[in-house]
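Below is one structure; the comments refer to it alone.
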Amino acid sequence: MMEFMEGSHAVAHSVKHCRPEVIAAYPITPQTHIVEALAEMVANCHLDAEYITVESEFSALSACLGASAAGSRVYSATTSQGLALMFEVCFNCAGMRMPVVMSIVNRALGAPLSIWNDQQDSISLRDSGWLQFYAEDNQEAADLHYLAYKVAEDRNVLLPAFVCFDGFILSHTYEPVDMLTQEQADSYLPRYTPVQRLDSTDPISFGLFASPDYYMEFRYQIDQAVKGAAKTIAMAGREFGEMFGRDYSNLVESYRLDDADCAIVAMGSICGTVKDAIDEMRKDGKKVGLLRLRSFRPFPNKEVRSALSGVNCVAVLDKNISLGTKGAVALEVRDALYGQQVPVLDYIIALGGRDVRKKDIRAVVDMAGQGKGDLFHGLRQELVS
Amino acid sequence: MTGESCGLFEYGHRACGGCAAAMAARTILDAAGKDTIIVSATGCMEVFSTPYPETAWKVPWIHSLFENNSAVASGIVASLKKQGRKEKVIALGGDGATFDIGILCLSGAFERGHDFVYICYDNEAYMNTGIQRSGATPYDASTTTSPAGKCSTGNRRPKKDLPMILAAHGAPYVATASVAYLPDLKKKVEKAIATEGPCYLQVHAPCCTGWGFEGEKTMTIGKLAIETGLWVNYEMEDGKVTRVKKVVRKPVEVYLKEQRRFRHLFKPKLNETEIAKIQAVADRNAERFGIDIKLKK
Numbered sequence: 041m042m043e044f045m046e047g048s049h050a051v052a053h054s055v056k057h058c059r060p061e062v063i064a065a066y067p068i069t070p071q072t073h074i075v076e077a078l079a080e081m082v083a084n085c086h087l088d089a090e091y092i093t094v095e096s097e098f099s100a101l102s103a104c105l106g107a108s109a110a111g112s113r114v115y116s117a118t119t120s121q122g123l124a125l126m127f128e129v130c131f132n133c134a135g136m137r138m139p140v141v142m143s144i145v146n147r148a149l150g151a152p153l154s155i156w157n158d159q160q161d162s163i164s165l166r167d168s169g170w171l172q173f174y175a176e177d178n179q180e181a182a183d184l185h186y187l188a189y190k191v192a193e194d195r196n197v198l199l200p201a202f203v204c205f206d207g208f209i210l211s212h213t214y215e216p217v218d219m220l221t222q223e224q225a226d227s228y229l230p231r232y233t234p235v236q237r238l239d240s241t242d243p244i245s246f247g248l249f250a251s252p253d254y255y256m257e258f259r260y261q262i263d264q265a266v267k268g269a270a271k272t273i274a275m276a277g278r279e280f281g282e283m284f285g286r287d288y289s290n291l292v293e294s295y296r297l298d299d300a301d302c303a304i305v306a307m308g309s310i311c312g313t314v315k316d317a318i319d320e321m322r323k324d325g326k327k328v329g330l331l332r333l334r335s336f337r338p339f340p341n342k343e344v345r346s347a348l349s350g351v352n353c354v355a356v357l358d359k360n361i362s363l364g365t366k367g368a369v370a371l372e373v374r375d376a377l378y379g380q381q382v383p384v385l386d387y388i389i390a391l392g393g394r395d396v397r398k399k400d401i402r403a404v405v406d407m408a409g410q411g412k413g414d415l416f417h418g419l420r421q422e423l424v425s
Numbered sequence: 100m101t102g103e104s105c106g107l108f109e110y111g112h113r114a115c116g117g118c119a120a121a122m123a124a125r126t127i128l129d130a131a132g133k134d135t136i137i138v139s140a141t142g143c144m145e146v147f148s149t150p151y152p153e154t155a156w157k158v159p160w161i162h163s164l165f166e167n168n169s170a171v172a173s174g175i176v177a178s179l180k181k182q183g184r185k186e187k188v189i190a191l192g193g194d195g196a197t198f199d200i201g202i203l204c205l206s207g208a209f210e211r212g213h214d215f216v217y218i219c220y221d222n223e224a225y226m227n228t229g230i231q232r233s234g235a236t237p238y239d240a241s242t243t244t245s246p247a248g249k250c251s252t253g254n255r256r257p258k259k260d261l262p263m264i265l266a267a268h269g270a271p272y273v274a275t276a277s278v279a280y281l282p283d284l285k286k287k288v289e290k291a292i293a294t295e296g297p298c299y300l301q302v303h304a305p306c307c308t309g310w311g312f313e314g315e316k317t318m319t320i321g322k323l324a325i326e327t328g329l330w331v332n333y334e335m336e337d338g339k340v341t342r343v344k345k346v347v348r349k350p351v352e353v354y355l356k357e358q359r360r361f362r363h364l365f366k367p368k369l370n371e372t373e374i375a376k377i378q379a380v381a382d383r384n385a386e387r388f389g390i391d392i393k394l395k396k
C-alpha cells in the first residue's frame, strides 16, 4: 500500500514487519526517529520485542550479539560516531557469524563534528565482514531490510548486514513508499531459526580463541561467506521482485549505460540527482550513464567489470575519503577494472553534508572527459588556498 | 571443600597450578548447575579454558570481547525472556574487565535491572597480559606498570570500592567471597542466582604467578587476606550490609611478607611507614564492617 512517509518511519515499519525479538539501540542523530518509532510500537504492543535501552552504541551491538547467540532475531540502528564506537563489536559479530541487521543512517565522522551526511561511517567498516547495502531512496531503504535479514540468516551466509541510507537526505525526507503488509512480509521472511544457539540442552562454546594453527582458516571462511553472499542476494532479491514487483537480484543498477561514453559510479541518494543530470546531458548529446552500487560488500567485481569495460572513462563519486589515498569506491572500481584500458577518475564530494547539485555532476563529467580527476570537488577555494 | 564437584568445569584446562580463578569457576558451576549460560570477558579464565578447538565448559558459554560481557549478558537475558526460557545467566570477568574497561557496560546492565549475576574473580591486576595494575590493585603492590623502585613503593592508589558502587545502582544482592572459603562462595552464588535482578559477587582470587607465591599456598594466602582484614567477606542486601565474616585479626605483615609483590616493603629494609599505611587500610575495613571478634578476658 502506497503511503507518504518519512524515511526513518518507513524503515521502522519494515523493521517491525521483520519481527525482531530483541532491539538494542542508543540515540544518535540522524538515526533517532527509527528507534523512537520502534520504542513507540513496543510501548503500544504493536511490536512484541524486548527493547533494551542501552547506555552506549558499544553496548547496543554487544547486547544484539548476545541475543543473537541466544537464538533471537535482533535489530539495531546507528550512524557515524556510534558506529565508530561499535568498531570492535562489528568485527566480533562477523567473526562469530551472528546475523545481526543494523540500519546505518549515513553521517560524517568527526573531527570536525558534523551531523550531516556522507558515507565515511559505514565505508570505514568495509573490512569488518558485514554485508553493506546502500539505498537510493526511501522505498529501497525500507525494502532492503527484508532482504538483509533474508540474506544474513541464510545458512550459506550467516553474516551481519548494514542497510545504509543517507542521513537527513533520506531519513528525514517524506516520500511515497509502497509498504508491505505484515502478511506479505511474513510470506517473504520466515521466523528465525538459528543454526546454533546458547542452549543448556545442547551446550556449546562460542568465541574461543584461535592459535596461529587455526586463525587464518576462520578468516578465510568469513571471506568466502561474504563473497558467496552475492549468490544468496541474487536469489533473495529475485524472490522479492517476483512477490512484490521490485527486483533486487542485481548488486548494481545500470542507468542509461548501454551506449555511454562516460560512466558515473555512485552509491546512495546522490544517484537520484545523477540520473536527472544524465537526462539533461543526454538531451545535450552527451552519452553519460550511471552504475549504482547497491551492494558494497560483497563488492560486485564482476558486475562492475562487465558494466564498465566498454566505456571511455569512469567518474567515481565518493562520499568518503581514505585519507592519504582516494575514495574507497574508486579504489575498488579500479581494482575491478584492473588490466582494462579504462581510466577511472575519483571525485570526493558531499563530505559532511556539502550540497551536490546537477551542475556539479555536469562539472565532474566535463572534468572526466578532460582526464582531470582524483580530486575534491565542491571545495570553497577561498578556505583552502 | 565443597564435596564432589559436578564437573561442569572440566579438568585439562591450561590454568597455572594453584589457580584460584579455576577453583572459582568450578565452584560457581557446582552452585549454578547445568541450566546456566556463562558469558566470559577476555582474560586469564577465558584463555586458559577455551583454546580452540577445546573447551572446559560443559554449559553453554560465550566470549565476545574484553569489556562487553555485561552487555552481551543483557542481550542474552532479553532473548531468553522473549523465548520464555529459564536458564540463568552468569557473566564472569577478571578485575581488569570488571573494575576498569568493562565498567560502562556493567553499570548500564545493573541500572537496567537485568536478571543476571556478575561474578568478578579479583586477582588484583591484569594477569593475562603480564601483571599490570588495575583499579583493583591494592595500595603499594608492585606490578609491571606500578613497579616498586627507588622513587616508588608500588601502586599509589587504594583499591576501588566496586561492590559499593554496584550496591548504589540498587542491586538487590552484592557480596564478596574468597576462594579460600569455597563453601561460602558456593552459598553466595546460589543466593545470587535465586535473587531476582542484577547481583554482584566479587571473589578474591590470589594469583600465585602475579603475586609471587608458590601454587600450593593459594588457600593460605586467601585466608591471610581475610584474617588480616585486608579482604572482608560480606553480603549486602538492598544496599545494607547484612552479614560479615568476623576474625581475630592478625597484623598485615603476615599477609604481605608471603608475596613477592610486597617484597619491597621488607627488603632491603623494613619500610615501617608504608606497612603502617596498609595496616591503616585493614583497620578502616575492620571498623567499617565490624569484623573484629572481641576476645573475652
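So the protein sequences, as listed, match chains Y and D.
Numbering-wise, the first sequence is residues 41 to 425 according to the working numbering.
Numbering-wise, the second sequence is residues 100 to 396 according to the working numbering.
All C-beta atoms, glycine included, are put in the ideal place defined by N, C-alpha and C.
Given the structure is predicted, the values throughout are model-derived calculations rather than measurements.
Kindly list, in the order they appear in chain D, the residues whose Cβ is closer than 7 Å to that of residue i.
i, result
"Y/C104", "G174"
"Y/I244", "P159"
"Y/D239", "P159"
"Y/A250", "Y151"
"Y/Y260", "Neighbours of Y/Y260 on chain D: none; closest Cβ ~15 Å, over 7 Å."
Please identify the residue among the options whose C-alpha is closest to the C-alpha of residue i.
i, options, result
"Y/R231", "Y/P70, Y/Y189, Y/G47", "Y/Y189"
"Y/V94", "D/N167, D/V353, D/N254", "D/N167"
"D/D391", "D/A266, D/V331, D/Y238, D/P271", "D/V331"
"D/S206", "D/L261, D/Y225, D/Y220, D/K181", "D/L261"
"Y/Y295", "Y/M307, Y/F284, Y/G285", "Y/M307"
"Y/L45", "Y/K327, Y/L229, Y/Q410, Y/M219", "Sequence inspection shows Met at residue 45 of chain Y; the Leu mentioned does not correspond to that position. Of Y/K327, Y/L229, Y/Q410, Y/M219, the residue nearest in Cα terms is Y/M219."
"D/A155", "D/G183, D/E186, D/G111", "D/G111"
"Y/S48", "Y/M42, Y/E90, Y/C204, Y/P60", "Y/C204"
"Y/L330", "Y/E176, Y/A269, Y/L363", "Y/E176"
"D/M226", "D/A114, D/V158, D/G212", "D/A114"
"Y/A107", "D/V158, D/S169, D/A177", "D/A177"
"D/I325", "D/G338, D/D337, D/V302, D/E336", "D/V302"
"Y/D194", "Y/Q160, Y/A265, Y/S164", "Y/A265"
"Y/F280", "Y/A403, Y/S211, Y/A182", "Y/A182"
"D/D134", "D/K376, D/K356, D/Y299, D/I292", "D/I292"
"D/V346", "D/T126, D/E103, D/A385", "D/A385"
Rounded to a whole number of angstroms, what is the C-alpha to C-alpha distance between residue i and residue j?
i, j, result
"Y/M275", "Y/L198", "15 Å"
"D/M122", "D/A304", "9 Å"
"D/I161", "Y/Y254", "18 Å"
"D/V171", "D/M144", "17 Å"
"Y/F246", "D/V188", "15 Å"
"Y/D242", "Y/A64", "26 Å"
"D/C118", "D/G314", "7 Å"
"Y/M407", "Y/T72", "39 Å"
"Y/R420", "Y/D386", "18 Å"
"D/T372", "D/Q378", "10 Å"
"D/P367", "D/G193", "32 Å"
"Y/M321", "Y/K398", "10 Å"
"Y/V405", "Y/A390", "16 Å"
"Y/S99", "Y/A376", "37 Å"
What residues from chain D crowd round residue i, counting only those whose CB sits closer than 8 Å?
i, result
"Y/T93", "R211"
"Y/E90", "A177, S178, K180, K181"
"Y/Y254", "Y151, P152"
Show which residues of chain Y have a CB atom less than 9 Å away from the CB atom of residue i.
i, result
"D/I390", "Correct list: empty, because the minimum Cβ distance to chain Y is about 35 Å."
"D/G218", "Per the sequence presented here, residue 218 of chain D reads as Ile, with Gly not at that position. Ordered by position in chain Y, no residue passes the 9 Å Cβ test against D/I218, which lies about 17 Å from the chain."
Residues of chain Y with a CB under 8 Å from the CB of residue i: which are they?
i, result
"D/V146", "F249"
"D/I136", "A110, L238, S240"
So with CB distances below 9 Å, who are the chain D contacts of residue i?
i, result
"Y/S96", "A170, L203, C204, G207"
"Y/Y295", "Near Y/Y295 there are no residues of chain D at all, since even the closest Cβ is about 41 Å away, more than 9 Å."
How about residue i: is its Cβ closer than 6 Å to a heavy atom in the ligand SAH?
i, result
"Y/D161", "For the structure depicted, the ligand SAH is absent and the ligand set is empty, with no information on it obtainable."
So which residues on chain B does residue i lean against when the C-beta distance must stay under 7 Å?
i, result
"D/T228", "Although the question refers to chain B, the structure presented lacks it and instead comprises the protein chains Y and D."
### Task
Taking only beta carbons into account, state which residues of the region 161 to 174 of chain D come closer than 9 Å to chain Y, listed in chain order.
Under the 9 Å Cβ criterion, the region 161 to 174 of chain D contributes I161, H162, S163, L164, F165, E166, N167, N168, S169, A170, V171, A172, S173, G174.
#### Entry: Proximal residues, the region 190 to 206 of chain D versus chain Y, C-beta separation under 8 Å
Among the residues of the region 190 to 206 of chain D, those with a Cβ less than 8 Å away from any Cβ of chain Y are L203, C204, S206, in the order of the chain.
### Message
Give me the subset of the region 320 to 342 of chain D whose CB atoms are less than 9 Å from a CB atom of chain Y, sorted by chain position.
### Response
From the region 320 to 342 of chain D, no residue has a Cβ closer than 9 Å to chain Y.
#### Entry: Proximal residues, the region 289 to 306 of chain D versus chain Y, C-beta separation under 9 Å
Residues passing the 9 Å Cβ filter: none.
### Residues of the region 106 to 124 of chain Y whose Cβ lies closer than 9 Å to any Cβ of chain D, in chain order
Result list: G106, A107, S108, A109, A110, G111, S112, V114.
#### Entry: chain D contacts from the region 58 to 73 of chain Y (Cβ-Cβ distance under 8 Å)
Those would be E61, V62, A64, in chain order.
### Query
For the region 178 to 190 of chain D, which residues have a beta carbon sitting closer than 7 Å to at least one beta carbon of chain Y?
From the region 178 to 190 of chain D, only S178, L179, K180, K181, Q182, E186 have a Cβ closer than 7 Å to chain Y.
### Task
Closer than 8 Å, Cβ to Cβ, to anything on chain D: give me those residues from the region 127 to 152 of chain Y, in chain order.
For the region 127 to 152 of chain Y, which is checked against every Cβ of chain D, the residues closer than 8 Å are E128, V129, N132, M136.
### Message
At a CB distance below 7 Å, what residues from the region 152 to 182 of chain Y approach chain D? Give them in sequence order.
### Response
Considering only beta carbons, no part of the region 152 to 182 of chain Y lies closer than 7 Å to chain D.
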